[in-house]
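Comments concern the structure below.
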Amino acid sequence: MNYRDWKQKAADRLRAVPDYQGIEEYWLQSELDDLAAALLYPESDRSHAVRELSGHALAPETVRVLDEALEQLLTGKPLALITGFTWFAGVRILCLPDVLVPRPDSETLVLAAGELLYELRPEKAEVLELCCGSACLSLGLLHFLRAKQSRTTLRITCTDLSPQAVAAAKTNVAAQGSEEVIAIERADLWPSRLLTGEIEPLLTIANPPYLSDAEFIQSGLGQWEPELALAAGRDGLALYRRILDEGELLLPAGSYLLLEHGYAQADAIKDIAAAGQGWKYLGVRDDLAGRARVTMLRRQTAIQQEG
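Our numbering puts the first residue of the sequence shown at 49, with every later residue one more than the last.
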């Protein structure tokens with residue numbers, strides 16, 4: 049059997065699964081290419097891996113490996129949890145059980161944060177990432193600024209309440225050799241060094257859980273990913289309220305806050321921020337599908353508040 053034949057048979061099986069019905073053929077084929085490339089050529093560029101696969105007959109052992117992975121994909125298991133990693137914002141992110149799998153939509157937050165810091169061009173910048181999960185946002189931000197040859201010296205502090213997420217974040221940071229730049233702390237949002245006044249972040253970023261409890265149950269995501277990273281109360285806005293309310297007291301005036309959210313939540317988050325006295329609304333950033341994905345805010349100074 050060659051790879052093209054295997055991929056066609058696999059695509060036919062996926063089309064029979066409800067989760068894949070209605071998906072365009074291109075995306076089915078792309079998903080299978082991602083699966084095969086990650087399993088068989090984990091250290092290679094995806095396009096190179098697909099070229100290699102297309103040029104040869106598949107050995108029986110290779111077919112067995114692909115078939116076993118396909119069976120997992122048919123159950124709805126995320127691709128990244130089958131392969132053990134995903135590429136996010138140019139960085140290879142290890143994906144471990146009980147930790148949220150990075151989504152392509154979250155690259156919007158990396159771009160917004162990276163462009164902001166690149167435009168500000170501070171000599172040094174403290175960055176805070178809340179609800180960090182695998183630390184993909186911080187690693188993506190660091191990669192972005194290095195690719196831009198930014199001269200800003202970054203120091204990033206990541207927090208998460210989940211012990212599994214903290215362990216995964218530390219593993220990913222170590223895998224990228226970024227321990228001197230990125231520190232990981234288990235905390236309920238705010239790191240100890242912020243609470244003691246040791247750091248004053250110029251930028252805070254967060255992708256908190258934003259599904260309502262009902263949406264989380266209906267989604268079926270809990271079979272593979274942790275509720276703590278996905279669900280946030282009756283309306284999915286519980287963590288945004290905390291970040292905005294507590295951030296007024298804890299984050300320095302003039303600093304920036306960038307929040308990822310669901311595409312239908314931008315107006316609600318703007319309203320929550322407006323209900324307080326400490327936030328200036330800067331706008332919203334759309335994802336590649338044109339959906340509102342990142343709300344940008346700035347902590348107002350006392351003078352700005354009076355004005």
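Yeah, the Cβ is synthetic: ideal placement off N, Cα and C, and Gly gets one too.
Check                                                                                                                                                                          : Outcome
Mapping DSSP to helix, strand and coil, what is Lys328?                                                                                                                        : strand
Would you kindly work out how many angstroms separate the C-alpha atoms of Ile232 and Thr123, rounded to a whole number?                                                       : 33 Å
Could you spell out the range, first to last residue, of the beta strand (DSSP E) harbouring Cys184?                                                                           : Careful: Cys184 lies outside any beta strand (DSSP E), inside the alpha helix (DSSP H) at 184 to 195.
Taking the alpha-carbon positions, what's the Arg38 to Ser198 distance?                                                                                                        : A question about residue 38 goes unanswered here, because the residues of the chain that appear run from 49 up to 355.
Between the C-alpha atoms of Trp75 and Phe133, what's the straight-line distance to the nearest angstrom?                                                                      : 19 Å
Return yes when the Cβ of Ala280 is within less than 8 Å of the Cβ of Ala286, no when it is not.                                                                               : yes
Going along the chain, which residues of its own chain have a beta-carbon closer than 6 Å to the beta-carbon of Tyr89, five neighbours each way excluded?                      : Ala97
Does DSSP classify Ile230 as helix, strand or coil?                                                                                                                            : strand
Count Cβ pairs between the segment 341 to 348 and the segment 320 to 332 that sit closer than 8 Å; are there 3 or more?                                                        : yes
Our contact map puts Val113 next to Met49 with C-beta atoms below 8 Å; I'd like the distance itself, whole angstroms only.                                                     : No, Val113 and Met49 are not in contact; Cβ-Cβ is about 13 Å, not under 8 Å.
Specify, as a first and last residue, the run of the alpha helix (DSSP H) that Arg94 falls within.                                                                             : 94 to 102
Using 8 Å for Cβ pairs, my map puts Thr207 next to Ala173. What's the rounded Cβ distance?                                                                                     : The Cβ separation is near 17 Å, so there is no contact.
Can you give me the Cβ contacts of His309 inside the same chain, cut-off strictly under 6 Å, excluding the 5 residues immediately before and after it?                         : Tyr258, Ile317
Taking all protein chains shown into account, do 16 or more other C-beta atoms lie within 10 angstroms of the C-beta of Gly355, making it buried, or fewer, making it exposed? : With a pLDDT of 46 at Gly355, under the threshold of 50, the predicted position of this residue should be treated as unreliable, and no value is reported.
On the criterion of 16 or more Cβ atoms from any shown chain inside 10 Å, does Tyr288 qualify as buried, or is it exposed?                                                     : buried
What is the DSSP secondary structure of Gly338, counted as helix, strand or coil?                                                                                              : coil
Quick one: residues in its chain with C-beta nearer than 6 Å to the C-beta of Val139, no 5 flanking neighbours on either side, listed in chain order?                          : Leu187, Gly188, His191
Rounding to the nearest angstrom, what Cα-Cα distance links Leu168 and Ala117 in this structure?                                                                               : 45 Å
Below 6 Å CB to CB, which residues in the same chain sit around Arg203 once its five sequence neighbours on both sides are set aside?                                          : Glu174
Which residue's Cα is closest to the Cα of Leu299: Leu193, Pro239, Val158, Ala183?                                                                                             : Pro239
Taking 6 Å as the limit between beta carbons, can you name the residues of its chain near Glu177, skipping five residues before and five after?                                : Leu185, Ser186, Cys206, Ile253
I think Ala340 touches Ala323, with their Cβ atoms under 8 Å apart; what is that distance to the nearest whole Å?                                                              : The pair is not a contact, with the Cβ atoms about 19 Å apart (cut-off 8 Å).
Where do the ends of the alpha helix (DSSP H) carrying Val111 lie?                                                                                                             : 108 to 122
Quick check on Asp236: does DSSP put it in helix, strand or coil?                                                                                                              : coil
On the DSSP bridge assignment, give the partners of Ile141 in chain order.                                                                                                     : Thr134
Decide yes or no for the touch test of the segment 218 to 238 against the segment 149 to 157: beta carbon pairs closer than 8 Å, at least 3 of them.                           : no
Using the beta-carbon count (16 or more within 10 Å), is Pro145 buried or exposed?                                                                                             : exposed
Which runs of the alpha helix (DSSP H), 4 residues or longer, sit entirely within the segment 245 to 271?                                                                      : 261 to 267
Taking C-beta to C-beta, are Leu121 and Leu83 nearer than 8 Å?                                                                                                                 : yes
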